[in-house]
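Asks:
There are 4 protein chains.
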Amino acid sequence: MKNKNRMSGQEFAELFKKVSNWGRWGPNEERGTLNYLTSVRLRAATELFRSGRSVSMAIPINEVAGPDNPHPPVHHMIRTYDVHSKLGEPQFVLDYFGTEVHGDCHTHIDALCHVAYKGELYNGKPTSAVTSQGPDLMDITTYAHGIVGRGVLLDIPRLRDVKWLEPGEAVTDDELEAAEKAEGVRLGEGDMFLFRTGHHRRRLELGPWNNGYDGEGRAGLDPNTMLMLHERKVAVFLPDGDGETVPSNVEGVAYPIHALQIAAMGMACADNLQFEELAKICEEEHRWEFMVVLAPLRLPRGTGSLLNPIAIF
Amino acid sequence: MKNKNRMSGQEFAELFKKVSNWGRWGPNEERGTLNYLTSVRLRAATELFRSGRSVSMAIPINEVAGPDNPHPPVHHMIRTYDVHSKLGEPQFVLDYFGTEVHGDCHTHIDALCHVAYKGELYNGKPTSAVTSQGPDLMDITTYAHGIVGRGVLLDIPRLRDVKWLEPGEAVTDDELEAAEKAEGVRLGEGDMFLFRTGHHRRRLELGPWNNGYDGEGRAGLDPNTMLMLHERKVAVFLPDGDGETVPSNVEGVAYPIHALQIAAMGMACADNLQFEELAKICEEEHRWEFMVVLAPLRLPRGTGSLLNPIAIF
Amino acid sequence: MKNKNRMSGQEFAELFKKVSNWGRWGPNEERGTLNYLTSVRLRAATELFRSGRSVSMAIPINEVAGPDNPHPPVHHMIRTYDVHSKLGEPQFVLDYFGTEVHGDCHTHIDALCHVAYKGELYNGKPTSAVTSQGPDLMDITTYAHGIVGRGVLLDIPRLRDVKWLEPGEAVTDDELEAAEKAEGVRLGEGDMFLFRTGHHRRRLELGPWNNGYDGEGRAGLDPNTMLMLHERKVAVFLPDGDGETVPSNVEGVAYPIHALQIAAMGMACADNLQFEELAKICEEEHRWEFMVVLAPLRLPRGTGSLLNPIAIF
Amino acid sequence: MKNKNRMSGQEFAELFKKVSNWGRWGPNEERGTLNYLTSVRLRAATELFRSGRSVSMAIPINEVAGPDNPHPPVHHMIRTYDVHSKLGEPQFVLDYFGTEVHGDCHTHIDALCHVAYKGELYNGKPTSAVTSQGPDLMDITTYAHGIVGRGVLLDIPRLRDVKWLEPGEAVTDDELEAAEKAEGVRLGEGDMFLFRTGHHRRRLELGPWNNGYDGEGRAGLDPNTMLMLHERKVAVFLPDGDGETVPSNVEGVAYPIHALQIAAMGMACADNLQFEELAKICEEEHRWEFMVVLAPLRLPRGTGSLLNPIAIF
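Protein chains in written order, with this note's numbering: chain A, 1 to 313; chain B, 1001 to 1313; chain C, 2001 to 2313; chain D, 3001 to 3313.
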């Protein structure tokens, strides 16, 4: 298979350079490919409204430890109705929730500071900008005002007529273009690319698995597809899984997609979405484009945020 | 002042009954006033798009203990670039974030289970539905697919030409209607009511204060305004502060607005938004209505969620 | 085997009554069997000093999720030497540690409020004394000033000449007395009873297992041994495992040892100690009695505390 | 006052060198001054037993944010008796506790990795040994088997006949020797030095205060007293406060005592003990020496541990 052609370290370095946006919008700029998502593009997204349905693309937060959830969140009630406030009515209940922001089974968005390639962050910033006190730049508040635009779902299992892609499989640009044709859509400037491998469906049907290098791996994109995303000026990447094929086919680069998208291109990327509810609505409405809203928590010095991405039809 | 007329417990009980939606949409229904926010209303919201600007209405998450933040969040880096993954490039940094979900200075949304009045939740459900293991019903996942609609900002300090309302002040329906006229808007069926007292501006200029019963209090709504919201079929309430006047003018009811909105009406309510960035854009665009998207975390058995409410123009 | 004789609910109720210390030291008393550990007994313990060696009986805190660790602790560095304090030298590093206090693989001590039998705590106190705001009585600060006394290790695998007891095995009083003889010791008034089944050695050699009712279970004591502990006036119970045989042989009572020791007797009980280092020293010194010091954290309203129990020879 | 003589950076560097134990017990040794606490010394401690009383020297854990507690612990019930286990009787309640390990009002012990002076840890180890993944050496498990020895309380407010020392006051060796005489004790080889300034009594009577450089400061030791501790071969330091005088009298060194004790001498040091209960017992028993047991949590890669230090008479 083409997608299993090994890519050498040298070839990867060249690819990194080709898709790099370093300096494109200025030396201290932090929005990266969101610069493509202009208000013109945003207004185009709103023209997609018809039914007014909205649907979540988040996995319900999973508090059970497992092979893809080694550090499950902490979630406790801190007050129930068993005590009565001395202030009188009404009464209130409260909870506490704590979590690692990233991980392999929680829907979240990455800040650009989250990834470094060979000692450099996006736009050539040094890794020393992130200390034990958090990032000095490119934290998640870059996205504080939300990300709103047109989403295009390319559903590869639908194209292949399978339930899901198997771990280790890598999708090429040919296949992305075939999905575009099958769905009658085209990824364009300022778009959000929703990439479905069926990762979450596999998880629902077979149970969670270790999708890392010490486990079974995961399905994702061939690194060369970044050329297509770069040419098309895609703004945002929203995969189930996280876009990576594990193991990767790049020599010495375990997670080439993150390196290219985040460190080279400065792309706004989320991980571990689920499209099971969305995919049904796409079939019902027979369209694979819609408005998408991302509203990460406004957390200063955050390297990312749990996320509930919303699609609106 | 009318707004300082004391309301007796009996009068409040009658008001509670008048605005109650218990049983209106079925005995086990959990969406409450969101039933007003139909797809027709949602489409109307999208017709407001012009400039394509989006703006956050969240307070940046505040990690510093203070008079309105007695239990500040826990936020730590859990991995920085000082260690190198044995898997090779790229490298990643991670953080951990834990927080109480409610509180007096964090922008959040309440689940309907959060408030009980005299032993009953919205729709007459018993408080025993919430245990130390969390709520059995009306948790935050009721809002999992997001809340999207038309937002109308009624800016009371703008109307009064003051920087902010002082703690203890209560806004009446007369004043809400005056704000509508001044802004050329009208709160209607399925709308989101954004209510500005200038709470956050006061906080920015004077510093945080204890806005509870053992402190200086806060500005909010007169409980009788709930009759107006009920008649107008408002779907969502989004205040700076939390809508409450502290101290309240209701005998024996410390937080009458929460009791009425959440326990009686089943209204989707957020607390502690900030409208400082929004208000500027409203002036620039000279309109006080816009699309709003709320995307609470999809947290099973959550009593609420931190929130980044987004307005889109 | 005698230890597999089923005990009926009625027989258990009688046993509960026989070993009950309710009211023995007063109606609101919270020290239970620690009343046996008088200063006379404590001085006797100190006479055991010879070599001056001290040894931990705690399992190193385990941060890896697993079958007996479903909610692993949260442990993060919150400051490293990558930032420099503006105050100048010296520099400091800090960490954060959060954990559930109980569980099946962390060495901890139970407060008496931790266990209720049929709606009653030790000394007949109602379960309503523990709310979502914590216990109103019998919290871990009862043991704030430490527990110091004579420890006697009864090492059952040593007696049986096996590596460990298998899950489901229950040790009877005959066997405890045989261990006493083999070691030349006798459990007496005010003593701390260290009970070794080899649980931790099994864990070290075979790996962690689910030792609950939905797993393989664990080895422990036959409930009738409580008669012996009651007669002997034992003050403290320190097991590897937690003293329970899972599954239990008592009809309708899943954890009879906790019910008897804590709810009936008011005994200070810890769980999940490890005696691997201790057992070697006992062999070297050829004695199975020594001084023991327990110093639980002084946590108001705590239901227990992680613990590092220290034996001193 | 002598104790307010300024010490230059050069004088401090010489003092650091004089009291340094680097290399004294080997190049990779981690026990530092605990090497003085031999079993001979330990046995001597046990000869102090008379009354058999034990007493805590820990401050009850404080969950309320305040000027010396900016990041209060997280402490929640995670299960109460409002739910019934399907396994049947007995029932259990549980809590969760999370905390920063150090800080200015929680009784805790420092690991040697906690302090670096000019880029070097005790024994000349590099600060790079501590990363975001924790310390590679000199973590708190160095003290896993507990620290047991003779404690000597030098009570300076008692000597001066005052309630407490005021912030900024520094105690000299003359005064320590005067306290020894007044109490009829002498700090010697392998001893634990309990140093009372009355810090906690002041806190109880006047309320908490900011005891750091941006606040009122605290009372402590003059840095030259380290010469005396070094000559006397003291093993352990247990202060109320943390031994530091804030502001310090050393040019460019904000916390000279930590630099000297931990980085130079490798001394086992705890912070923020309270001696209010202990001091009463000392008066009653008319002796200021007793056995002390420290049992830090056995936390791999911990930079310290909350602690409940126990004195036994």
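Quick reminder that beta carbons are idealized off the backbone N, C-alpha and C, glycines included.
Give the DSSP-derived three-state secondary structure of I281(A) in the structure shown.
Replies: helix
Asks: Would you kindly report the start and end of the unbroken beta strand (DSSP E) that includes F290(A)?
Replies: 289–294
Asks: Which residues in the same chain as W288(A) place their Cβ atom closer than 8 Å to its Cβ, once the five residues preceding and following it in sequence are excluded?
Replies: V152, L153, L154, D155, E183, G184, V185, C282
Asks: Three or more C-beta pairs under 8 Å: does that hold for the segment 1193–1208 of chain B against the segment 1058–1072 of chain B?
Replies: yes
Asks: Can you pull the chain C residues whose beta carbon is under 7 Å from the beta carbon of G3252(D), in chain order?
Replies: Listed by position along chain C, the residues whose Cβ is nearer than 7 Å to that of G3252(D) are G2088, E2089.
Asks: Hey, W1250(B) and F1012(B) are a contact pair by Cβ (cut 8 Å); roughly how many whole angstroms apart?
Replies: For the sequence presented, residue 1250(B) should be read as Val rather than Trp. At roughly 5 Å, the Cβ-Cβ gap stays under 8 Å, so V1250(B) and F1012(B) are in contact.
Asks: Using C-beta distances below 6 Å, list every residue in its chain close to N1003(B), excluding the 5 sequence neighbours before and after it, in chain order.
Replies: For N1003(B), the pLDDT reaches just 46, beneath the cut-off of 50, and the residue's location in the model is therefore unreliable, although a value from the coordinates is still provided. Counting only Cβ-Cβ distances below 6 Å, and skipping sequence neighbours, we find A1170, T1172, D1222.
Asks: For N2062(C), which residues from the same chain have a beta carbon less than 6 Å from its beta carbon, with the 5 sequence-adjacent residues on both sides left out?
Replies: N2069, C2105
Asks: DSSP state of Q1133(B), grouped into three classes?
Replies: Here Q1133(B) carries a coil assignment [DSSP, helix/strand/coil].
Asks: According to DSSP, is D2082(C) helix, strand or coil?
Replies: coil
Asks: May I ask you to report which of helix, strand or coil DSSP gives H1102(B)?
Replies: coil
Asks: When you compare the CB of Q1133(B) with every CB in chain D, is at least one pair closer than 8 Å?
Replies: yes
Asks: Only counting runs of 4 or more residues, tell me where the alpha helix (DSSP H) segments fall wholly within the segment 178–228 of chain A, in order along the chain.
Replies: 199–206
Asks: In the DSSP assignment, find the beta strand (DSSP E) that holds A3311(D) and state where it starts and stops.
Replies: 3310–3312
Asks: Using a Cβ cut-off of 8 Å, pull out every chain D residue sitting near T2354(C), in sequence order please.
Replies: The question about residue 2354(C) has no answer, for chain C in this structure spans 2001 to 2313.
Asks: Quick check on this structure: which residue in D3271(D), L3299(D), M3265(D), P3300(D) has the alpha carbon closest to the alpha carbon of V3019(D)?
Replies: Out of D3271(D), L3299(D), M3265(D), P3300(D), M3265(D) has the C-alpha closest to the C-alpha of V3019(D).
Asks: Given a threshold of 16 other Cβ atoms within 10 Å of its Cβ, counted over all protein chains shown, does M1001(B) qualify as buried or as exposed?
Replies: Note on M1001(B): pLDDT 40, under 50, position unreliable in the model; the coordinate value appears next. By the neighbour-count rule (16 or more Cβ atoms within 10 Å), M1001(B) is not buried but exposed.
Asks: Measure the alpha-carbon distance for M138(A) versus V93(A) and round it to whole angstroms.
Replies: 36 Å
Asks: Within the same chain, show all residues whose beta-carbon is closer than 6 Å to that of H3258(D), passing over the 5 residues directly before and after it, in chain order.
Replies: V3115
Asks: In the structure shown, what three-state DSSP assignment does M2007(C) receive?
Replies: Judged by DSSP in its simplified three-state form, M2007(C) adopts strand.
Asks: Are the beta-carbon atoms of E1089(B) and G252(A) separated by less than 8 Å?
Replies: Result yes, Cβ atoms of E1089(B) and G252(A) sit closer than 8 Å.
Asks: Looking at P3239(D) and D3271(D), is the spacing between their C-beta atoms short of 8 Å?
Replies: yes
Asks: So, with DSSP's three-state summary, where would you put D95(A)?
Replies: strand
Asks: Answer yes or no: does any C-beta atom of chain C fall closer than 8 Å to that of G3146(D)?
Replies: yes
Asks: In chain A, which residues lie less than 7 Å from M1077(B) when you measure between Cβ atoms?
Replies: S132, G134
Asks: Less than 8 Å between CB atoms is the rule here; does V293(A) satisfy it with respect to chain B?
Replies: yes
Asks: Return the CA-CA distance between H230(A) and G190(A), expressed in angstroms with no decimal places.
Replies: 11 Å
Asks: Run through chain C and tell me which residues come within less than 8 Å of P3296(D), C-beta to C-beta.
Replies: N2308
Asks: Which residue comes first and which comes last in the alpha helix (DSSP H) that contains A2044(C)?
Replies: 2039–2046
Asks: For the segment 3245–3272 of chain D, enumerate the residues whose C-beta is nearer than 8 Å to any C-beta of chain A, in chain order.
Replies: none
Asks: Residues of chain A with CB under 9 Å from P1167(B), in chain order?
Replies: None at all; the shortest Cβ gap to chain A is about 16 Å.
Asks: Starting from P2239(C), follow the beta strand (DSSP E) in both directions and report where the run begins and ends.
Replies: 2236–2239
Asks: Does T99(A) have its Cβ less than 8 Å from a Cβ in chain D?
Replies: For T99(A), not one C-beta of chain D is nearer than 8 Å to its own C-beta.
Asks: To the nearest angstrom, how far is the alpha carbon of R2031(C) from that of C2113(C)?
Replies: 12 Å
Asks: Using a beta-carbon distance below 8 Å, is Q300(A) in contact with chain B?
Replies: First, the amino acid is wrong: residue 300(A) is Pro here, not Gln. At least one chain B Cβ lies under 8 Å of P300(A).
Asks: Give a yes or no on whether the minimum CB-CB distance between S2020(C) and chain D is below 8 Å.
Replies: no
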